[in-house]
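Quick note: the sequence shown uses this note's numbering, first residue 598, plus one each step.
One structure is given below, encoded as structure tokens.
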Amino acid sequence: MAALGVGKLVFIDGIMHKMAYLNILQNNLKESADKLGLGSNFIFQQDNDPKHTAFVVKEWLLYHCRNQLNTPPQSSDLNVIENLWSHLERAVQNIKLQARNN
């Protein structure tokens with residue numbers, strides 16, 4: 598997610614683990630940055646979920662993503678996606694539904 602939009606949406610089948618997460622990064626991070634016109638000029642942020650902090654993921658990011666924002670543990674207020682979910686929840690609650698037969 599960036600000021601210019603969002604990157605490629607990836608659907609996950611099953612439980613996410615570190616190798617699946619690494620695969621998503623390898624196949625989508627650069628493509629999404631390019632789609633948003635960022636090239637390599639972006640700051641990558643993720644929370645401290647164990648799959649995000651796995652050695653294999655951290656090592657790959659070290660060589661493929663030079664700008665990373667380190668966040669403290671349990672910092673949901675700094676997690677951009679949490680703010681987005683809150684915004685979407687409010688938007689859905691404001692939708693006025695009508696019965697199908699009306």
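We put the beta carbon where it would ideally sit given N, CA and C, even for glycine.
query                                                                                                                                              : result
If I measure Cβ to Cβ from Gln643 and keep anything under 7 Å in the same chain, skipping five residues before and after, which residues do I get? : His649
Could you tell me whether the Cβ atoms of Gln665 and Phe641 are closer together than 9 Å?                                                          : yes
Residues in its own chain within less than 6 Å of Arg663 by CB, not counting five upstream and five downstream?                                    : none
Got a sec? Which residues, its chain only, sit under 8 Å from Tyr618 by beta carbon, not counting five neighbours each side?                       : Lys648, His649, Ala651, Val654
Go through its chain and collect everything with a Cβ distance to Asn625's Cβ below 7 Å, but skip five positions before and after it.              : Gly604, Lys605, Val607
What did DSSP end up calling Phe652 once you bin it into helix, strand or coil?                                                                    : helix
On the DSSP bridge assignment, give the partners of Ala599 in chain order.                                                                         : Gly602
Does the beta-carbon distance from Leu633 to Ala599 come in below 9 Å?                                                                             : yes
How far does the alpha helix (DSSP H) with Ser629 in it extend, from its first residue to its last?                                                : 615-632
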